[in-house]
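Number 37 in the UniProt record's numbering belongs to position 37 of the sequence shown; there are no gaps in the numbering.
All C-beta atoms in this analysis are idealised placements derived from N, C-alpha and C, irrespective of residue type, glycine included.
Structure first, then comments.
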Amino acid sequence: MRINVLQHTPNEGPGAIKAWAEDRDNKVYVYHPETFGIFPKADETDMLVVLGGPMSPGDDLPWLEEERQLIKDCLKQHLPILGICLGAQQIAICLGSSVHPAAHKEVGWAPVYKQNDAIAGLPDKLLALHWHQDMFEMPAESHLLYSSDLLANQGFLVNGNVIGLQFHLETLADNVREIVINDGAYAESGNDLHQTPAEILAQPLPSANKRAIYTMLDYLSVH
C-alpha cells in the first residue's frame, strides 16, 4: 500500500503513522506542499494522510485549494483518508462543512472521550496532545468519535473510510519535543489549557495513543 502524506510544516511529521506503515510493510511518501508545491495524484494513492500545521484553511495560500481538490478526488474514489488538525479541517470543508475559531484555544495535553463504538478497540478516554484554536463543524452524515471538555467536535468518521481528528495521536516523544521547541510560544498566550511549554514537555507520552492511531489506521486500511 502506498501511503501519501501531506506535511505542512517541518515540526509536525507523521510520527506513529509512519511507524504503523512500516510495521504493516507499507510505503510512505511524504509531500511538502507549502515548500515545494507538489502533490500526489489520487490515482497513485492507496491511503491519504493530511497532517496539521499553523495555517488555517481560509488563509490566502493557493496550495490549500489544490490540497482540497486532491482530497475531493480521493473522496470520489472512496480512498481511505486520515486528517489531523488542519488536515481534518480541510477534509471537513471538502465534505461541505465549515471551519472557524473555537471558543477555546487548546494547547497542551488534555483528555478526549469516545462518543461511539463505530471503530472497535478504541479506548473510552485518551490523553491527547492539542495544538489548535480553529475547529471544524461536523460534516453531514458523520459519526462523532471523540470530544474534549472544551470542544465537542474533536473527531469524526465518514462513510467508514474517512477519519478526521482535531487532536494529535501521531506524535511520538521526539515529535512532541520538536513541536514544543519550535512552536512553544503558541502555548503562552490565551491558552485555555493553561500549560506552559515546560509542562507540555514534562508530560510522559501515553502509550495508549500509539495503539489508538494504529487501531484507526488498521480500520481505514480494510474499509
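Since Asn161 and Gly13 should fall inside the 8 Å C-beta cutoff, what is the C-beta to C-beta distance between them, to a whole number of angstroms? Here residue 161 refers to the residue found at position 161 when the sequence shown is read from its first residue. Here residue 13 refers to the residue found at position 13 when the sequence shown is read from its first residue. The Cβ separation is near 24 Å, so there is no contact.
Cα-Cα separation, Ala21 to Leu6: Position 21 of the sequence shown, counted from the start, is the residue given in the question as residue 21. Position 6 of the sequence shown, counted from the start, is the residue given in the question as residue 6. Taking the straight line joining both Cα atoms gives about 15 Å.
By alpha-carbon positions, which one of Ala128, Ile119, Leu51 and Asp117 ends up nearest to Gly108? Reading the sequence shown from its first residue, position 108 is the one you call residue 108. Of the listed residues, the one whose Cα sits closest to Gly108 is Ala128.
Roughly how many angstroms lie between the CA atoms of Gly87 and Pro62, to the nearest whole one? By one-based count along the sequence shown, residue 87 stands at place 87. By one-based count along the sequence shown, residue 62 stands at place 62. Whole-angstrom Cα-Cα distance: 16 Å.
Just the C-alpha distance for Thr215 and Ala198, rounded to the nearest angstrom, thanks. Sequence index remark: in the sequence shown, residue 215 carries index 215 (1-based). Sequence index remark: in the sequence shown, residue 198 carries index 198 (1-based). Roughly 30 Å between the two C-alpha positions.
Cα-Cα separation, Ile91 to Glu44: Counted from its first residue, the sequence shown places residue 91 at position 91. Counted from its first residue, the sequence shown places residue 44 at position 44. C-alpha separation (whole angstroms): 19 Å.
For Ala202, does the count of other Cβ atoms within 10 angstroms reach 16, so buried, or fall short, so exposed? Along the sequence shown, read from residue 1 onward, the residue named residue 202 stands at position 202. When all chains shown are included, Ala202 counts as exposed.
Is the Cβ-Cβ distance between Thr196 and Ala187 less than 8 Å? Translated into the one-based positions of the sequence shown, residue 196 becomes position 196. Translated into the one-based positions of the sequence shown, residue 187 becomes position 187. Yes, the pair counts as a contact, with Cβ atoms nearer than the cut-off.
Report all residues from its chain with a CB closer than 8 Å to the CB of Val99; omit the five preceding and five following residues, and keep chain order. To locate residue 99, count along the sequence shown from 1; it is residue 99. Residues Ser56, Pro57, Gly58, Gln89, Ala92, Ile93, Asp134, Met135, Phe136 and Glu137 of the same chain have their beta carbon placed closer than 8 Å to that of Val99, with the five preceding and five following residues left out of the count.
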